[in-house]
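**Q**
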Amino acid sequence: MPSGERVPLEALRKKGFSQMTSPYGRGRPLHLAAAVDQPGVHDAGAHVELTRLAERGGLDFVTLDDAFARPGPDASAVLARVAPATHRIGLVPTLTTTHTEPFHLQATVATLDWVSRGRAGWRIDVSTTEGEARLFGRRYSAPLDALWREAGEVADAAARLWDSWEDDAEIRDVATGRFVDRDKLHPVGFTGEAFSVRGPSVVPRPPQGHPVRVVDATEGPARSTAARHADVALVRAVSPGQARAVRDLLRAGAAGAGRDPDSLLVLVSLLIDLGDGEHAAEPGHGGGGPRQTAQGPLYRGGPVDLADLIASWYKDGAADGFHLVPVEPRRDLERLVNGTVALLQHRGLFRTFYPGSTLREHLGLARPANRYAGGAA
Numbered sequence: 014m015p016s017g018e019r020v021p022l023e024a025l026r027k028k029g030f031s032q033m034t035s036p037y038g039r040g041r042p043l044h045l046a047a048a049v050d051q052p053g054v055h056d057a058g059a060h061v062e063l064t065r066l067a068e069r070g071g072l073d074f075v076t077l078d079d080a081f082a083r084p085g086p087d088a089s090a091v092l093a094r095v096a097p098a099t100h101r102i103g104l105v106p107t108l109t110t111t112h113t114e115p116f117h118l119q120a121t122v123a124t125l126d127w128v129s130r131g132r133a134g135w136r137i138d139v140s141t142t143e144g145e146a147r148l149f150g151r152r153y154s155a156p157l158d159a160l161w162r163e164a165g166e167v168a169d170a171a172a173r174l175w176d177s178w179e180d181d182a183e184i185r186d187v188a189t190g191r192f193v194d195r196d197k198l199h200p201v202g203f204t205g206e207a208f209s210v211r212g213p214s215v216v217p218r219p220p221q222g223h224p225v226r227v228v229d230a231t232e233g234p235a236r237s238t239a240a241r242h243a244d245v246a247l248v249r250a251v252s253p254g255q256a257r258a259v260r261d262l263l264r265a266g267a268a269g270a271g272r273d274p275d276s277l278l279v280l281v282s283l284l285i286d287l288g289d290g291e292h293a294a295e296p297g298h299g300g301g302g303p304r305q306t307a308q309g310p311l312y313r314g315g316p317v318d319l320a321d322l323i324a325s326w327y328k329d330g331a332a333d334g335f336h337l338v339p340v341e342p343r344r345d346l347e348r349l350v351n352g353t354v355a356l357l358q359h360r361g362l363f364r365t366f367y368p369g370s371t372l373r374e375h376l377g378l379a380r381p382a383n384r385y386a387g388g389a390a
């Protein structure tokens, strides 16, 4: 089936496919995402190719990392180029909140959501080194907990700015020359520990309302920000027990912040090396779990054992899915899609079609209501 073609849901149901259940009886589907990082590659066409491959496998989204300390093209600009060359898959660049203007950050993410017609996400990160601070020269580096508090404030300010336009604020009335209904634009005054912003935004409210926010919550200081503001939390773990413990902490934190815990998805982030083809996983990589390395938990083996690992951890309730980072981008992503994902689909554990057109629909997340509409705030 072509990646952009949608099959009617009822037709698939008649064939026995269900989007919202799994053979293990859990109430939500398995989610899969992949990184399309290609160090040293500056041609956006290479990223288009990998993203199309991931879309062919029905993955929820792809991520593209970025940092001030690493040379390479801007992740959000690359994925803006990928957007018109793809149809359904979510596009999630890393954008750091340290040393950057929150007003510009939210406008960048909102613009990507418009360009992709509702498929944008934002992987929130912080800049921790003095070298990165010197690139801007405005302040020294700060402790990690302070950086993540600031990241939470930026995420909060961004959501308010996304809501500063009501969905029907644009009227485009040619006869009267009115472009926007001023009564549906709302001022935003937000003051954090290190910044303040005033709205409204310069970009109309994104198609998703709020583009999907992703946080790597492996380290303790990031967990509070993830629990309060993330739609998807990534966790690097070497065992299902470790992943489940962090997932429980994050869900409890979300509930403590007044959120529905089910509105926060937790994905295990795992390096994968599928260079051994169909050979069994090396000891310590499959079955009992991946092996810890300096770069993070690593699975090395074949696509079949990887499918077994994913199914086992998901069955045990360790996570809502996996974010898979290929060691060798083209080779490993091909084997992931053609081997692991195909096997999970054959088992009825992973979907064979996209349930909608936006990233929020893929993830089963509701579109947030506008906090200012109808004088609510």
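In this note's numbering, the protein residues as written are 14 to 390. Ideal Cβ placement from N, Cα and C applies to all residues, glycine included.
#1: Taking a contact to mean a Cβ-Cβ separation below 8 Å, would you say Ala-235 touches Leu-263 in this structure?
#2: Please go through the same chain and pick out, in chain order, the residues whose beta-carbon is closer than 6 Å to the beta-carbon of Pro-381, but skip the five residues on each side of it.
#3: Cβ atoms of Val-227 and Val-105: under 8 Å apart, would you say?
#4: Are there 16 or more other CB atoms within 10 angstroms of the CB of Ile-137, so buried, or fewer, so exposed?
#5: Between Ala-170 and Val-210, how many whole angstroms is the CB-CB distance? I'm expecting something under 8 Å.
#6: What residue ranges within the stretch 122–183 form continuous beta strand (DSSP E) runs of no fewer than 3 residues, ordered along the chain?
#7: Comparing C-alpha positions only, which one of Thr-306, Arg-304, Val-350 and Arg-343 sits nearest to Pro-316?
#8: Would the beta-carbon of Trp-175 fall within 8 Å of that of Ala-258?
#9: Alpha carbon to alpha carbon, how far is Ala-159 from His-44?
#10: What's the C-alpha gap between Thr-110 and Val-245?
#11: Curious, which full-length alpha helix (DSSP H) runs of at least 4 residues does the stretch 65–98 contain?
#12: If you draw a straight line from the C-alpha of Thr-231 to the C-alpha of Tyr-327, how long is it?
#13: Determine which residues share a DSSP beta bridge with Pro-106 and list them.
#14: Opposite Ala-48 in the DSSP bridges: which residues?
#15: If we count the other Cβ atoms within 10 Å of its Cβ and call it buried at 16 or more, is Asp-56 buried or exposed?
#16: Which parts of the stretch 303–344 are runs of the alpha helix (DSSP H), unbroken and 4 residues or longer, counting only runs that do not cross its ends?
#17: Using only alpha-carbon positions, find the residue among Gly-53, Ala-48, Ala-93 and His-100 that is nearest to Phe-366.
#18: Going by Cα to Cα distance, which pick from Leu-72, Ser-89 and Leu-278 is closest to Arg-364?
#19: With DSSP run on the structure shown, which of helix, strand or coil describes Val-350?
#20: What would DSSP say about Ser-237, mapped onto helix, strand or coil?
#21: Which two residues bound the contiguous beta strand (DSSP E) that contains Gly-202?
#22: What is the DSSP secondary structure of Asp-244, reduced to helix, strand or coil?
#23: Between Leu-280 and Val-338, is the Cβ-Cβ spacing less than 8 Å?
#24: Report the partner residues of Leu-262 according to the DSSP bridge assignment.
#25: Which residues in the same chain have their Cβ closer than 6 Å to the Cβ of Pro-253, if we skip the five residues on either side of it in sequence?
#26: On the criterion of 16 or more Cβ atoms from any shown chain inside 10 Å, does Ala-265 qualify as buried, or is it exposed?
#27: Using a Cβ-Cβ distance cut-off of 8 Å, determine whether Leu-287 contacts chain C.
#28: What are the partner residues of Leu-283, as DSSP defines its beta bridges?
#29: Could you check what DSSP says for Asp-273 in three-state terms: helix, strand or coil?
#30: When the distance is taken between beta carbons, is Ala-82 closer than 8 Å to Thr-121?
**A** Short version:
#1: Here residue 235 corresponds to residue number 222 of the sequence shown, with the count starting at 1. Here residue 263 corresponds to residue number 250 of the sequence shown, with the count starting at 1. One thing to note: Ala-235 has its Cβ no nearer than 8 Å to the Cβ of Leu-263.
#2: In the sequence shown, the residue the question calls residue 381 occupies position 368. Excluding positions up to five away in sequence, the list reads Gly-222 and His-223.
#3: Translated into the one-based positions of the sequence shown, residue 105 becomes position 92. Translated into the one-based positions of the sequence shown, residue 227 becomes position 214. Yes, these two residues count as a Cβ contact at 8 Å.
#4: Mapped onto the sequence shown, residue 137 falls at position 124. So Ile-137 ends up on the buried side.
#5: Within the sequence shown, residue 170 is the residue found at index 157, counting from 1. Within the sequence shown, residue 210 is the residue found at index 197, counting from 1. Rounded, the Cβ-Cβ distance is 5 Å, consistent with contact.
#6: 134–138
#7: To locate residue 316, count along the sequence shown from 1; it is residue 303. Nearest of Thr-306, Arg-304, Val-350 and Arg-343 to Pro-316, Cα basis: Val-350.
#8: Position 162 of the sequence shown holds residue 175. Position 245 of the sequence shown holds residue 258. Taking 8 Å as the Cβ cut-off, Trp-175 and Ala-258 do not qualify as a contacting pair.
#9: Residue numbering aside, residue 159 sits at position 146 when the sequence shown is read from its first letter. Residue numbering aside, residue 44 sits at position 31 when the sequence shown is read from its first letter. Cα-Cα distance, rounded: 31 Å.
#10: As a position in the sequence shown, residue 110 is number 97, starting the count at 1. As a position in the sequence shown, residue 245 is number 232, starting the count at 1. The straight-line gap from Cα to Cα measures roughly 17 Å.
#11: Within the stretch 65–98, the complete alpha helix (DSSP H) runs of at least 4 residues are 88–95.
#12: Position 218 of the sequence shown, counted from the first residue, corresponds to residue 231. Position 314 of the sequence shown, counted from the first residue, corresponds to residue 327. Each residue's Cα considered, the two are about 18 Å apart.
#13: Within the sequence shown, the letter at position 93 stands for residue 106. Beta-bridge pairing links Pro-106 to Leu-77.
#14: Within the sequence shown, the letter at position 35 stands for residue 48. Its beta-bridge partners are Thr-76.
#15: Position 43 of the sequence shown, counting from 1, holds the residue named residue 56. Exposed.
#16: 316–328
#17: Numbered from 1 along the sequence shown, position 353 holds the residue referred to as residue 366. Nearest option by C-alpha distance: His-100.
#18: Looking up residue 364 in the sequence shown gives position 351. Ranking Leu-72, Ser-89 and Leu-278 by Cα distance to Arg-364 puts Leu-72 first.
#19: As a first step, residue 350 must be located in the sequence shown, where it is residue number 337. Residue state, collapsed to three classes: helix.
#20: Working through the sequence shown from its first residue, we reach residue 237 at position 224. If DSSP states are grouped into helix, strand and coil, Ser-237 belongs with the helices.
#21: Within the sequence shown, residue 202 is the residue found at index 189, counting from 1. Run containing Gly-202: 202–204, per the beta strand (DSSP E) assignment.
#22: Looking up residue 244 in the sequence shown gives position 231. The answer is coil: DSSP assigns Asp-244 none of H, G, I, E or B.
#23: Locating residue 280 in the sequence shown gives position 267, counting from the first residue. Locating residue 338 in the sequence shown gives position 325, counting from the first residue. Their beta carbons are not under 8 Å apart, which means Leu-280 does not touch Val-338 by this criterion.
#24: Numbered from its first residue, the sequence shown carries residue 262 at position 249. According to DSSP, which records beta bridges pairwise, Leu-262 is partnered with nothing at all.
#25: As a first step, residue 253 must be located in the sequence shown, where it is residue number 240. Correct list, in chain order: Trp-326, Asp-329 and Ala-331.
#26: By one-based count along the sequence shown, residue 265 stands at place 252. Looking at its Cβ environment, which holds fewer than 16 other Cβ atoms inside 10 Å, Ala-265 is exposed.
#27: Reference to chain C is not applicable here, since this structure consists of a single protein chain.
#28: To locate residue 283, count along the sequence shown from 1; it is residue 270. In the DSSP secondary-structure assignment, Leu-283 is bridged to Leu-337.
#29: Here residue 273 refers to the residue found at position 260 of the sequence shown. Correct three-state label for Asp-273: coil.
#30: Translated into positions along the sequence shown, residue 121 becomes position 108. Translated into positions along the sequence shown, residue 82 becomes position 69. No. Outside cutoff.
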